[in-house]
Structure formats: C-alpha cells, structure tokens
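Accompanying notes for the structure given below.
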Amino acid sequence: MFNRIKKDDLVAYSEHPRSLPLGIVKEVKEQKGKAVVLVYVLDTIFEDEIGTVKCVPYHKLDKVASPVIDKAVS
Numbered sequence: 019m020f021n022r023i024k025k026d027d028l029v030a031y032s033e034h035p036r037s038l039p040l041g042i043v044k045e046v047k048e049q050k051g052k053a054v055v056l057v058y059v060l061d062t063i064f065e066d067e068i069g070t071v072k073c074v075p076y077h078k079l080d081k082v083a084s085p086v087i088d089k090a091v092s
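All residue numbers for the sequence shown refer to this note's numbering, where the first residue is 19 and numbers rise by one.
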C-alpha cells in the first residue's frame, strides 16, 4: 500500500524540493484512515524540533534517498 516511502529513507517536503531533507523515516502507517509518516527530524526552522519524531502526511513527502545495503559476500 505504501511503497513509495519506506523505513530509513531520507525524505523532504514535496512542496520544497530544493530544500534540505526533513529527516529519516522511522515508520509509515495508517492513522485515522490516512497514511502518515513518522520522521526523525534533522532539519527544521524550529530549533526545538530537531531530534524529535514528527508525524507528517504521506502525500506531503518525497523520497530523497534510500539507505545503501552492502550485499558483499565474504
């Protein structure tokens, strides 16, 4: 259902595509019938929000990057 954004992705607000990323996705879930994303905030204009978890509507976010998974075989 929610396949565009996943846990540990780096996301930014879709309204501001050239801004710094908002943060790292901690969870994507349904809340009160709507898709929401819990984001660990890395960048915001409100200093007291940095380092907190913020609930953001799914449709307001775009994925900036996904984590790199090392699949090296030893």
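Quick reminder that beta carbons are idealized off the backbone N, C-alpha and C, glycines included.
Close CB contacts of P85 within its chain, under the 6 Å cut and outside five residues either way in sequence, are with D26 (chain order).
Straight-line measurement puts the Cα of D80 at about 6 Å from the Cα of Y31. In this structure, the CA atom of H34 is about 26 Å from the CA atom of G51. Secondary structure of K78 (DSSP, three-state): helix. Around the beta carbon of V71, fewer than 16 other beta carbons sit within 10 angstroms, so the residue counts as exposed.
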